[in-house]
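Student: Under our numbering, residue 227 is the last one in the sequence shown; the count climbs by one each step, no gaps. C-beta atoms are modelled at their ideal positions from N, C-alpha and C, and glycine is treated no differently. One structure, as structure tokens, below. Some questions next.
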Amino acid sequence: MLRPRVFEVFREVDHILHGGDVGAADLLIELRALAPVTAVYGNTDGLELRAKLPQVAEIELDGFPIVVTHGDQFGTPNPAKLHEAFPHAEIIIFGHSHRPLLELVDKTVTVMNPGGAGAPRFGMPPSVGILELEPGIPPRGRIVVLD
């Protein structure tokens, strides 16, 4: 079940990218009611979600090649490892650590971990990420804490 604040924050989004640890297929139904969803499975997701979702998803939005991955296949994912694994991507969304991160790699690649919108983990409050994309303009991103 989505936190009510997620509905507010995602009210005007055009697309939702989910970096895994979805938890339940019903969550994807709730998200799809807000916008189209590109999601991958995470290391805590069960067989049902693993059968429905890929480990890595590639999509293009507003001219930006984007990779979505949970990142656990890299051990401890970090922006440099992810950029090396997906050199063609201009935006990389990942999960796994549940720690919010927004970083520019090689001055051109935006790497984001939106944190986690579920229960607080590792002393971090729940959060999501927002990316604003316009063709020809570098992506603008921010982490939104879900109070």
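Whole angstroms are fine: how far does the CA of residue 98 sit from the CA of residue 123?
Tutor: Distance between the alpha carbons of residue 123 and residue 98: 13 Å.
Student: Let me make sure I understand the geometry here. Which of 127, 222, 171, 203 has the alpha-carbon closest to that of residue 194?
Tutor: Nearest of 127, 222, 171, 203 to residue 194, Cα basis: 222.
Student: Have a look at the DSSP bridge pairing and note the partners of residue 128.
Tutor: BP columns for residue 128 are empty, so no partner.
Student: Measure the CB-CB distance between residue 191 and residue 162 and report whether it falls below 7 Å.
Tutor: Yes, these two residues count as a Cβ contact at 7 Å.
Student: Mind checking whether residue 127 and residue 110 have CB atoms under 7 Å apart?
Tutor: Cβ distance not < 7 Å, so residue 127 and residue 110 don't count as in contact.
Student: Can you look up residue 168 in the DSSP assignment and give me helix, strand or coil?
Tutor: DSSP places residue 168 in coil when its eight states are reduced to three.
Student: Just the C-alpha distance for residue 209 and residue 224, rounded to the nearest angstrom, thanks.
Tutor: Going from the Cα of residue 209 to the Cα of residue 224 covers about 6 Å.
Student: Do three or more CB pairs link the region 195–207 to the region 146–156 at distances below 8 Å?
Tutor: Judged by Cβ distances under 8 Å, the region 195–207 makes no contact with the region 146–156, as fewer than three pairs qualify.
Student: Going by C-alpha distance, which of 153, 87, 143, 90 is nearest residue 134?
Tutor: Checked all of 153, 87, 143, 90; the closest Cα to residue 134 is 153.
Student: Look at the Cβ atom of residue 113, then the Cβ atom of residue 96, and state whether they are nearer than 7 Å.
Tutor: Not a contact, by the Cβ cut-off of 7 Å.
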